[in-house]
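J.:
Residue numbers (our numbering): 311 to 441.
1. Rounded to a whole number of angstroms, what is the C-alpha to C-alpha distance between residue 497 and residue 401?
2. From 387, 321, 380, 433, pick the residue whose C-alpha is nearest to that of residue 409; which is it?
3. Leaving out five residues before and five after residue 441 in sequence, what residues of the same chain have Cβ atoms less than 7 Å from its Cβ?
4. Which residue from 432, 398, 406 puts its Cα closest to that of residue 423?
5. Would you list, in sequence order, the uninterrupted beta strand (DSSP E) runs of no fewer than 3 residues that lie entirely inside the stretch 315 to 341?
See below:
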């Protein structure tokens, strides 16, 4: 685990579109930059990313994350096809129910015991759109 609390993880089956991370503690601006680079690599191949985030140990973010998100917001949302969030905090599920209909990528929340279902949903062949 990196000091920042974010680390990239491997999907259960190889897929170059997947950007998968596990969060423990605080996310930093450097973490966000690393994610942006992964999304950009997927876009550069003419594909859209499948994002998996395990936020079970997530505790928040540093202000640098906001700057990186605003700087790259258009690319970030255009880069995503599907977004699976695993976490046990009630606010996550509520936030996803609000934001999902407002965004082009499909977003779905899963409890920590549903991690396998989260991967199955993310890697299923149906998608919002591919380039």
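For glycine and all other residues, C-beta sits at the position ideal for the given N, C-alpha and C.
T.: So, from the listed chains and residues:
1. Summary: the structure shown does not reach residue 497, with the chain confined to residues 311 through 441, and so no result is reported for it.
2. As a position in the chain shown, residue 409 is number 99, starting the count at 1. Ranking 387, 321, 380, 433 by Cα distance to residue 409 puts 387 first.
3. Position 131 of the chain shown, counted from the start, is the residue given in the question as residue 441. Because the pLDDT at residue 441 is just 40, under 50, the model does not fix this residue reliably, and the point stays unresolved.
4. By 1-based counting over the chain shown, the position of residue 423 is 113. It is 398 whose Cα lies nearest to the Cα of residue 423.
5. 316 to 318, 328 to 337
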